[in-house]
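For the record, in the sequence shown the residue sitting at position 42 is 47 according to this note's numbering, with numbers rising by one throughout.
Report on the following structure.
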Amino acid sequence: MATAKEDSIPVLLNSVQMRLSSSQRQLSIVRAQMSNRIREAKMQELTIEQLKGLGNETRVYKAVGKMFMREDFDDVLAEAYRKRDQAMEETQMLEKKSSFYEKEATEAKSHLTDLVKSIEKASTPP
């Protein structure tokens with residue numbers, strides 16, 4: 006008959022594996038979100054550079070559905086700055102999440118390795 010310790014090992018192994026796969030999945034999601042936010046910040050930076058080269062008297066238009074509406078130049082420039090800053094802030098937040106999930110995955114991997122080693126030790130005859 007199996008002891009309580011032997012019964013708990015598969016449960017523990019399963020829980021560590023689930024934690025590892027969950028943190029790796031979350032890490033890949035966060036990295037994808039980070040790349041999207043970085044791309045958005047770069048796009049807004051390019052928009053700002055292009056707008057600065059045009060001058061304040063240039064007519065600018067914003068797409069609204071299938072038509073374009075004239076917008077104030079300073080409003081469009083301010084909107085581009087706001088979107089860029091927001092994307093950069095979100096990137097910083099996502100970097101913190103990424104480091105958390107990396108740490109969690111590393112710890113889970115370490116626990117899994119330790120658990121496998123202890124199982125191997127227990128299964129080898131003395």
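Backbone N, C-alpha and C define an ideal beta-carbon position, used for all residues, glycine too.
Beta-carbon gap between residue i and residue j smaller than 7 Å
i	j	result
A110	S28	yes
L120	L18	yes
Q55	R89	no
K126	V35	no
R24	A85	no
Where residue i sits in the DSSP three-state scheme
i	result
R89	helix
K67	strand
S33	helix
E62	coil
N19	helix
Proximity winner among the options, relative to residue i (alpha-carbon distances)
i	options	result
K47	G70, Q91, R30 and D77	Q91
R64	R42, R75 and R24	R75
K108	M93, L32, I14 and S123	L32
K57	Y106, S115, A68 and D80	D80
G60	D77, S104 and F105	D77
E45	S13, E94, R30 and P15	E94
F105	R30, A68 and I53	R30
Inter-residue CB distance, residue i and residue j (contact presumed, cutoff 8 Å)
i	j	result
V21	L117	5 Å
I43	T96	6 Å
Closer than 7 Å to chain D by CB, residue i
i	result
V65	The chain labelled as chain D is not found in the depicted structure, where only one protein chain is given.
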